[in-house]
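Residue numbers (this note's numbering): 489 to 973.
Virtual Cβ for every residue (Gly too), placed ideally from N, Cα, C.
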C-alpha cells in the first residue's frame, strides 16, 4: 500500500490487485495512506495464472485509463476522532459489563470480537487505579509516546548498524497509525493487571509499537534483559514460559491490549491474518538470567549496545517453537559427561568425555523445512559447556550456526520462502553481491538468514535440567526501560 500510494500521489495511475476477502481491508487502509478512493480488482485464489489474468486484465486496463472522478481526485489521510477520556460512568458491575462488550464480524463468520479487550477478563480502569499506575513513572500523563533514543539494528560494533528510528519520533500504533499518551498506556496497564512498578516496562513495550508491527502479527511478544526483572519479580527459572507468575502474565498480556485498543486491530476489517500466533495468544514475555552467563558472554542488553546494569525490552517473533532435534535432559548430561547416549552417537563421540559441541546436534536438519534464524534458550550449565568447548562469546556461536546453514543455490531454489525473500529472484544475493540469476547452481548461500547477529540470539535462563528451547527469530531493535522510570 505505501508503494501504491507514492505512485498514485505522484500522478502514476495504479490499480491494486487483491483477493476478494481483502476488499474490506483495502477500503479500510486506503484512507490511512491518503488515497481514499483507490481503485482495486480482485484476483482468484484458485484459477491458474493465465486464466486469472484473462479474467481481470480488462478491469485493470479500464481502471488505469478511465479518468478520475471528482471524488477520486480528493486526497488526504484519515484523521481519527479524539476518543473521550472516560468511556463509561456508572457502577463497577455496569462498567464490567460495558468493557466486556463484543460485536459480531461477518468476515470471521459472525464470531464475537471484543470491543475493548483481548477477549480475556480485565481489571476495570477506574480513575483511582489509573492514578496509582501513573505513579510508576516520572513522565507526564499527557506526554505522547515517542522514541526515547536513536534505535539501531545490527550489532553496535558493526560498520553500518543502521538507525531505524530517531529520538523524538512519534510512535504510531498499527494497524491504524494512532498515537497514544502515557495516561492511555496506564489505562491499558491497569486492564492487563499490571502493578505500578511494572509501568516503565509497559511504556518501553509501547515505545516498541507494542509488538503490533505492521498489523499482521499475533499481538506482542517480548524479551527483557537487565536487573529490573528482580525488582518486579519476573520468573527467569523453572516454568518461565508457563502460568502463575503475576509479572510475566500481566506484562505478556500488555502487547495484545495495546494492539487492540491503541492500534485498532479488528480482524477482517483493519487486519487480515490466517491463523494468528498461538504462542503469543494471551501474552508472551520472558527475562534473561544474566547471572548465569559464562565468563566472556554478554547479556542481551550489552549485545545491543546498552550498559550491563541497564534494563531493556526487545520485541521478538516466536512463530515456530521447538526447532531442531529433541532430547531428554539426562541424555544431554550423558553426552557431556562421558560421551554416551543418543547425542553422542549422533556426533560420533561415543565414550569420549566432554565438552562437546551441542550446536552440531541441535542444528542437524534444522533448516530442512525451515528457513531463517532462531533464538536458543539455554540453562547456565549448557552455556558453560559451550564456552568450555570453545565458544568464548555468543557472537562466535552465532557465526558458527549461520555458516552451517549454507547450501547450494540449486537446493535453495526448492524452498518456498525464497520466492518472496529474493523478490522473485530479481534481487541481489548479499553474500556474493551478484544478481540471483547469475549464480551457478553450486554457489553456497545461507538458508539460515542474511546476518549471523540479527538472525540469531542466545539467552540464558535459570534451571538445572539441561534442555533447551528454540523458536524462530533472532535479535531486533531494543528499547530502554530505564528511560521510562
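- Judged by DSSP secondary structure, residue 945 falls outside any alpha helix (DSSP H) and instead within the beta strand (DSSP E) spanning 945-948.
- Across the structure, residue 581 and residue 589 are spaced so that their CA atoms are roughly 13 Å apart.
- For residue 586, the enclosing alpha helix (DSSP H) stretches over residues 580-587.
- The distance from the Cβ of residue 755 to that of residue 596 is about 6 Å, consistent with a contact at the 8 Å cut-off.
- Secondary structure note for residue 895: its beta strand (DSSP E) is the uninterrupted segment 894-896.
- In the three-state reduction of the DSSP assignment, residue 511 falls in the helix class, which pools H, G and I.
- Here residue 736 is buried, its C-beta having at least 16 other C-beta atoms within 10 Å.
- When beta bridges are read from the DSSP output, residue 922 appears opposite 917.
- Counting only the Cα atoms, residue 550 lies some 25 Å from residue 520.
- DSSP lists 711 as the beta-bridge partner residues of residue 774.
- For residue 747, the three-state secondary structure derived from DSSP is helix.
- Judged by DSSP secondary structure, residue 823 falls outside any beta strand (DSSP E) and instead within the alpha helix (DSSP H) spanning 817-826.
- About 12 Å separates the beta carbons of residue 947 and residue 885, which is beyond the 8 Å limit, so they are not a contact pair.
- Judged by DSSP secondary structure, residue 651 falls within the beta strand (DSSP E) whose first and last residues are 651-653.
- By the neighbour-count criterion, in which 16 or more other beta carbons inside 10 Å mark a residue as buried, residue 900 falls on the buried side.
- Among the bridge pairs identified by DSSP, residue 967 is matched with 801.
- Counting only unbroken stretches of 3 or more residues, the beta strand (DSSP E) elements lying wholly within the segment 621-692 are 651-653, in sequence order.
- Looking at the DSSP output, residue 958 bridges to 864.
- The alpha-carbon separation between residue 892 and residue 944 amounts to approximately 13 Å.
- Contact check for residue 953 against residue 817 passes: the beta carbons are separated by less than 9 Å.
- In the structure shown, residue 493 falls within a helical segment according to DSSP collapsed to helix, strand and coil.
- Here residue 928 has 897 as same chain residues with Cβ atoms under 8 Å from its own Cβ, once five neighbours each way along the sequence are excluded.
- Counted as a single uninterrupted DSSP element, the beta strand (DSSP E) harbouring residue 934 occupies residues 932-934.
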